[in-house]
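Data block below; observations after.
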Amino acid sequence: MALERTAELPRRRGMPTLGAMGIHRCETCGSLNRVPAERKGQKPKCGSCKNVVDTSGYPQEVDDDGLRTTVESSPVPVLVDFWAPWCGPCHQAAPIVESIAEDKAGDIVVLKVNTDEAKASGTRLQIRSIPTFILFENGKEVARQSGVMPREQMARWVERR
Ligand SMILES: [Zn+2]
Numbered sequence: 078m079a080l081e082r083t084a085e086l087p088r089r090r091g092m093p094t095l096g097a098m099g100i101h102r103c104e105t106c107g108s109l110n111r112v113p114a115e116r117k118g119q120k121p122k123c124g125s126c127k128n129v130v131d132t133s134g135y136p137q138e139v140d141d142d143g144l145r146t147t148v149e150s151s152p153v154p155v156l157v158d159f160w161a162p163w164c165g166p167c168h169q170a171a172p173i174v175e176s177i178a179e180d181k182a183g184d185i186v187v188l189k190v191n192t193d194e195a196k197a198s199g200t201r202l203q204i205r206s207i208p209t210f211i212l213f214e215n216g217k218e219v220a221r222q223s224g225v226m227p228r229e230q231m232a233r234w235v236e237r238r
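Following the working numbering, the numbering of the sequence shown begins with 78 at its first residue and continues without gaps.
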């Protein structure tokens with residue numbers, strides 16, 4: 078809603094136009110913050126807990142509650158990497174996920190869920206093998222893929238093209 082209102086603001090000559098907003102999750106409290114693109118590099122503070130929000134897009138590890146809360150409240154797509162420390166292919170996939178997460182910082186939120194610890198999520202979402210990647214939009218699962226994907230393929234999959 079805020080973004081729609083922004084688009085309707087009259088533009089005056091000489092006034093700086095409002096830049097694009099990115100959504101960035103606060104790793105400390107889990108709040109989702111709207112950060113203007115031009116403020117990304119200025120260590121913006123979380124609107125809820127006032128800690129510095131990481132705007133790099135780097136995947137954040139979440140537990141069952143963190144996953145549910147973020148997926149249900151995010152205005153941008155949420156990509157979740159379900160993994161476990163003992164899983165070789167998961168470690169292969171990790172740098173690919175990180176690279177895509179940083180490329181799309183602000184446009185998507187990327188989370189990692191350790192299925193050994195967040196067991197309720199694994200059961201609720203019927204994760205049968207790892208790594209499994211799920212893309213959520215508006216709180217709903219819209220795409221799912223298991224196994225490591227080459228970077229280009231994964232980037233296309235995230236874009237849903
Ligand atoms: Zn916070």
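Ideal placement from N, C-alpha and C gives every residue a C-beta, glycine not left out.
Per-residue burial, residue i [other beta carbons within 10 Å of its own, 16 or more giving buried]
i: A197; result: exposed
i: A170; result: buried
i: W163; result: exposed
i: G224; result: exposed
i: N182; result: Before going on, a small fix: residue 182 reads as Ala here, not Asn. Result: buried.
i: G134; result: buried
Rounded C-alpha distance that separates residue i from residue j
i: R221; j: T209; result: 7 Å
i: G118; j: T132; result: 8 Å
i: V157; j: V235; result: 11 Å
i: P136; j: Q230; result: 19 Å
i: D142; j: V190; result: 11 Å
i: T147; j: V155; result: 8 Å
i: S125; j: C106; result: 8 Å
i: G27; j: R205; result: This structure leaves residue 27 out entirely; the chain is present only between 78 and 238.
i: V219; j: L212; result: 6 Å
i: V129; j: C103; result: 8 Å
i: K120; j: A178; result: 18 Å
i: N202; j: G165; result: Just to set this straight, residue 202 is Leu in the shown sequence, not Asn. Taking the straight line joining both Cα atoms gives about 22 Å.
Beta-ladder partner(s) of residue i, from DSSP
i: S223; result: T209
i: M98; result: P113
i: I185; result: A182
i: W160; result: N191
i: Q230; result: Answer by DSSP bridge pairing: none, since Q230 is not bridged.
i: K122; result: V129
Contacting residues, own chain, Cβ-Cβ under 7 Å from residue i (five flanking each side not counted)
i: S151; result: I100, L109 and V186
i: V153; result: I100, D184, I185 and V186
i: C167; result: W160, A161, I207 and P208
Cβ shell of residue i (< 8 Å), same chain only, five flanking positions each side left out
i: E194; result: D140
i: I173; result: V225, M226, P227, R228 and M231
6 Å CB neighbourhood of residue i in its chain, flanking five on each side removed
i: R145; result: none
### Shell residues, 6 Å Cβ cut-off relative to heavy atoms of ligand 1
C103, T105, C106, S108, C123, S125, C126 and N128
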